[in-house]
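Chains as they are written, first to last, in the numbering used here: chain A, 1 to 525; chain B, 526 to 770. All C-beta atoms in this analysis are idealised placements derived from N, C-alpha and C, irrespective of residue type, glycine included. Remember, it's a predicted structure, so these values are computed and weren't measured experimentally.
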């Protein structure tokens, strides 16, 4: 019999055996959306891919965008949790389980996108039977499969002691199949020394192995695009750019998922502000690296002025795909702002009248009105006094001023609400990264060298399958955390032991508590 | 072993699109209907396109009235020596055979459309829907097909969800070989001509064996007018154009 602390049992284990009406309502809603997606997919199979908006030259569309996006999200988990484990970051303990679950679920949903996309899903297994070694798609199939099996193992290994804990501490009300499931998954875990040593060794090894696999997965996905000679894709920077983007969107997804889990399971005692603060440093870093790569990628295209490549860039910067591109940039700027500036704002700003949420709200509404006015169809273009500036430009400038005003006046509030601010940043990042995949894939597809350029507009089928994919993601997550504890119980217990041991350590005082000030190399007291 | 190649003399081409029509009849490319064609889903193994293709102002005529010129390009599959399409195919449904033809197997293709994305010439087409065959058209389907070890190639009627492309009328090569065998003589390169070459009104198309230094195509390929499209992407096409003028 393995023992578990009362607090852990109450918050982490018992909710697994309770299901309120909210749970069933949500599950039914998600199932309905997934069912609709299934119906739409069946119709796509019988009617052919003609029901999508794809055509020549836009041979790939939303499905490919979703594929890259979901596989990107999957990097949250395993990679982050593996890096944190390898670096012995103690604060990782309450969030690794959620992170690893994101990976497993996102890989399932991501792989489904390939099935949606191919014209002959019945021949899907040909990839393994007749695979051509030179094809990036085969590399992709191999690396994604390896990654899936690897992260499934990596999800399962830290689950074994928890399964044993559940097996031994099952509430009496639990259905018998639960006991059988946990008994099976616990693999006869008794928690003796040999078992612990083995488990720790295997987890440590897997954490190291999974990192290069994760890096290879998104690199290879970028190579699907970069190994072709299509304008805008044939770029050496794509590998690292995609890996960075993947980790970036992954952390965003992790923030959203852990906040939802935190409020649903009331995990405030486990997932504390510390986790949010430390993880937000990581997200900030990735934001900066993402900006660096995006700037590099577009600057080189702009500077090259290549005949085939420049139209792709132009369509992103001021052409057909400009709204998506600039919306993406705007979201990332907001994310950076929300992550970095609250920390820089002085504490005394709280006392200033204007720096209050209600002023921020008013300012945001004004900005929204200005943007709406700017894009409303005008009977006659309004020009300002100079005659050179159109009314639209003026309104957009007004909107930007209001937006900056919103951003500044909301800073003290953001500073006090770290959870809310990181979630705002994460939503911006996740939506922005979906748009980033879109602005990488679609403009190049629609601007080939020797086919007349055309637009691409997804149809209801593609949107339905996209929404169904997100619903499936949520549903799998829901089911997963009705079966397994959202936080690794034994790792938390282990963390308490570590904390206790550290508290008993006597840290020697520094020799001098007053800092030595040096001027011109001479110590001055 | 021959290496099949095509030479197209743009000075002679009158852009009558006879090649496209002959190809359509010969290779059973389905007519998809006006709404699908407007969406860019028409299948044209051989296409006649105006140049420049994506000018700022879409106009086929350039220059003032005295100097106005119209330029067209007729474009089959380039049958590259280094095809970007075959390297990306995850199932080897498309490959170069020993005679230099880029083949496409409808029984193997999984419809991932990586090849259509990778081809810089845009000569590969996808069957977005079940190819429509009206009863009148269905009566005129070319019964020829090519099949080796369970493959399905050539003009065989395609299922939905696979990629197809110009084959240089590979079924005609097979038939020419068989005929030479029944007549008890050696197969000659002149026996094999794709439908577009045979039909060309202006006799602007030439076809033959590039390995043979005395063939018409070898001779024309050495012309100072000879060029290949998108030579800079390293595909080494076997369709050689002769510049106007």
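Asked                                                                                                                                             : Found
Neighbour-count burial assignment, residue 113 of chain A, 16 or more Cβ in a 10 Å radius                                                         : buried
Within chain B, partners of residue 118 of chain A - CB distance below 9 Å                                                                        : 635, 636, 637, 638 and 686
Proximal residues to residue 396 of chain A (C-beta, below 6 Å), its chain only, five neighbours per side dropped                                 : 374
Best match in A:36, A:210, A:238 and A:55 for proximity to residue 647 of chain B [C-alpha to C-alpha]                                            : A:55
C-alpha distance - residue 538 of chain B paired with residue 628 of chain B, whole-angstrom precision                                            : 27 Å
beta-carbon residue 377 of chain A near the ligand COA non-hydrogen atom, thresh 7 Å                                                              : With respect to the ligand COA, the structure offers nothing, as it holds no ligand at all.
Euclidean distance between Cα positions of residue 260 of chain A and residue 309 of chain A                                                      : 42 Å
Alpha carbon of residue 720 of chain B to alpha carbon of residue 668 of chain B, nearest angstrom                                                : 15 Å
Which residues DSSP lists as bridging residue 531 of chain B, in chain order                                                                      : B:732 and B:764
Environment of residue 470 of chain B [buried if 16+ CB atoms lie within 10 Å]                                                                    : With chain B running from 526 to 770 in the structure shown, residue 470 of chain B is simply not present.
Closer than 8 Å to chain A by CB, residue 544 of chain B                                                                                          : no
Whole-angstrom distance between residue 402 of chain A and residue 583 of chain B, CA atom to CA atom                                             : Summary for residue 583 of chain B: the model assigns pLDDT 49, below 50, so the residue's position carries little reliability, and this model does not support an answer.
Beta-ladder partner(s) of residue 629 of chain B, from DSSP                                                                                       : B:619
Cβ shell of residue 70 of chain A (< 8 Å), same chain only, five flanking positions each side left out                                            : 106, 107, 109, 110, 113, 469 and 473
Interface flag, residue 564 of chain B vs chain A, CB-CB below 8 Å                                                                                : yes
Beta carbon proximity, residue 59 of chain A to chain B, threshold 8 Å                                                                            : yes
Which of helix, strand or coil DSSP assigns to residue 599 of chain B                                                                             : strand
Any 3 or more C-beta pairs closer than 8 Å across the segment 132–147 of chain A and the segment 159–176 of chain A                               : no
Alpha-carbon to alpha-carbon, residue 271 of chain A and residue 759 of chain B                                                                   : 55 Å
CA-to-CA distance, residue 684 of chain B to residue 432 of chain A, given in whole angstroms                                                     : 39 Å
Per-residue DSSP class, three states only, for residue 556 of chain B                                                                             : coil
Residues, ordered as in the chain, of the segment 202–229 of chain A that lie near chain D by beta-carbon distance below 8 Å                      : Looking at the structure shown, chain D is missing, and the protein chains on hand are A and B.
Own chain residues within Cβ distance below 6 Å of residue 8 of chain A, not counting five before or after                                        : 489
Alpha-carbon spacing of residue 624 of chain B relative to residue 331 of chain A, whole angstroms                                                : 54 Å
Where residue 451 of chain A meets chain B, residues with beta-carbon distance less than 7 Å                                                      : 647
Neighbour list for residue 55 of chain A in chain B, Cβ cutoff strictly below 8 Å                                                                 : 564, 565, 566 and 653
Any chain A beta carbon closer than 8 Å to residue 650 of chain B                                                                                 : yes
Nearest-angstrom beta carbon gap, residue 641 of chain B and residue 688 of chain B [assumed within contact, 8 Å]                                 : 6 Å
Under 7 Å by beta carbon: chain A residues contacting residue 614 of chain B                                                                      : 132 and 135
Extent of the continuous alpha helix (DSSP H) run through residue 576 of chain B                                                                  : Residue 576 of chain B -> not in any alpha helix (DSSP H); beta strand (DSSP E) instead, spanning 572–576.
Outcome for residue 484 of chain B when other beta-carbon atoms lying within 10 angstroms are tallied against a minimum of 16                     : A question about residue 484 of chain B goes unanswered here, because the residues of chain B that appear run from 526 up to 770.
Chain B within 8 Å of residue 123 of chain A, Cβ atoms only                                                                                       : yes
Contacts around residue 603 of chain B, its chain only, beta-carbon distance under 6 Å, and the 5 residues preceding and following it disregarded : 646, 762 and 764
Close beta carbons around residue 748 of chain B, own chain, < 8 Å, minus the five adjacent residues each side                                    : 767
Run of the alpha helix (DSSP H) containing residue 290 of chain A, from where it starts to where it stops                                         : 273–304
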